[in-house]
Amino acid sequence: MTAQPHTWESPCGQHYLIDKPPTEVGPPPLERDAPAWVAASGAVPAGEQYVTLTLQGSGKETVVLDSMTVRTAGKRTPLAWNDYAMGYPGVGCGAGVPTRSFTVALDAARPAFAPVAGQPNFPFMVSESAPEVFYVKADASAYDVSWYLELAWSSGSRHGTLTIDHNGKPFRTSGHNGRPGFEFPLGGEGWVPAGSTS
Numbered sequence: 001m002t003a004q005p006h007t008w009e010s011p012c013g014q015h016y017l018i019d020k021p022p023t024e025v026g027p028p029p030l031e032r033d034a035p036a037w038v039a040a041s042g043a044v045p046a047g048e049q050y051v052t053l054t055l056q057g058s059g060k061e062t063v064v065l066d067s068m069t070v071r072t073a074g075k076r077t078p079l080a081w082n083d084y085a086m087g088y089p090g091v092g093c094g095a096g097v098p099t100r101s102f103t104v105a106l107d108a109a110r111p112a113f114a115p116v117a118g119q120p121n122f123p124f125m126v127s128e129s130a131p132e133v134f135y136v137k138a139d140a141s142a143y144d145v146s147w148y149l150e151l152a153w154s155s156g157s158r159h160g161t162l163t164i165d166h167n168g169k170p171f172r173t174s175g176h177n178g179r180p181g182f183e184f185p186l187g188g189e190g191w192v193p194a195g196s197t198s
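In our numbering, the protein residues as written are 1 to 198.
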């Protein structure tokens with residue numbers, strides 16, 4: 001199982017909160033470089049976080065993925081940090097909804113793991129030769145939420161629960177409404193207030 005917590009549904013929709021002024025934040029990374037950029041800048045996904053999960057059996061037996069549950073590890077007031085938009089203003093962005101897409105509304109009293117309309121829901125089956133890739137879009141506006149997933153699985157007489165997080169730590173997604181926003185113009189040399197380049 002692998003979890004990629006900094007994949008982007010669309011660069012234009014991805015924001016990060018960072019506790020630094022614009023002069024101390026590097027330009028937006030390419031998606032593949034996002035994990036290193038996030039770690040270096042202490043960034044927290046803002047508004048939404050898009051996590052890609054790859055699940056695969058480890059032996060010849062088929063494994064049934066019975067259900068996925070969201071667990072909240074902490075809920076706080078949204079971070080009062082600056083909001084940095086990925087992508088570049090004026091550059092087109094488009095994204096479709098891939099198969100096996102799910103949503104998590106982190107602001108809910110009991111966040112649920114739900115398939116996007118028209119998408120199949122659990123259970124699924126995986127094996128060593130037939131993995132599954134899940135796309136999880138978690139959103140938060142009213143809180144700064146630490147969260148993780150629990151996957152219930154079974155294979156013959158064996159069964160268990162797998163915790164899915166980010167290298168042993170919960171994922172973290174914060175609301176960003178009303179936070180000072182910044183964008184990086186294409187060909188520009190620094191961050192500027194959001195909306196000032198359109």
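For glycine and all other residues, C-beta sits at the position ideal for the given N, C-alpha and C.
Residue i: CB within 7 Å of a non-hydrogen atom of the ligand ATP
i: LEU79; result: As presented, the structure is devoid of all ligands, the ligand ATP included, so that no description of it is given.
Expected contact under 8 Å - CB spacing of residue i and residue j to nearest Å
i: SER174; j: ALA46; result: 6 Å
i: ASP83; j: PHE182; result: 7 Å
i: VAL25; j: TRP191; result: 6 Å
i: SER154; j: ASP66; result: 6 Å
i: PRO115; j: PHE124; result: Not a contact, Cβ separation roughly 11 Å.
i: PRO21; j: MET86; result: Wrong, their Cβ atoms sit about 18 Å apart, outside the cutoff.
i: ALA43; j: LEU17; result: 7 Å
i: LEU106; j: ALA80; result: Incorrect: roughly 18 Å between the Cβ atoms, too far for contact.
As assigned by DSSP and simplified to three states, the class of residue i
i: PRO29; result: coil
i: GLY194; result: First, the amino acid is wrong: residue 194 is Ala here, not Gly. Correct three-state label for ALA194: coil.
i: VAL116; result: coil
i: PRO123; result: coil
i: THR23; result: helix
i: PRO131; result: coil
i: TRP153; result: strand
i: ALA36; result: helix
i: SER41; result: helix
Residues near residue i by beta carbon distance below 7 Å, same chain, minus five either side
i: VAL70; result: VAL104, PRO111, ALA112, PHE113, TRP147, LEU149
i: HIS6; result: ALA34, PRO35, VAL38
Bridge partner(s) assigned by DSSP for residue i
i: ASP83; result: LEU17, GLY181
i: GLY74; result: SER146
i: ASP139; result: GLU48, ALA105
i: ARG158; result: SER155
i: HIS6; result: Paired residue(s): none; HIS6 is not in a bridge.
i: LEU53; result: ALA3, PHE134
i: ARG172; result: SER146
i: SER67; result: ALA152
i: THR62; result: DSSP lists no partner for THR62.
i: THR163; result: GLU150
Sequence-distant residues of its chain with Cβ nearer than 8 Å to residue i (five each side left out)
i: THR77; result: TYR143, ASP144
i: PHE122; result: LEU65, ASP66, SER67, MET68
Own chain residues within Cβ distance below 6 Å of residue i, not counting five before or after
i: SER196; result: none
i: ASP165; result: TYR148
i: GLY74; result: SER146
i: THR161; result: GLU150, ALA152
i: MET1; result: LEU55
i: ARG172; result: VAL44, SER146
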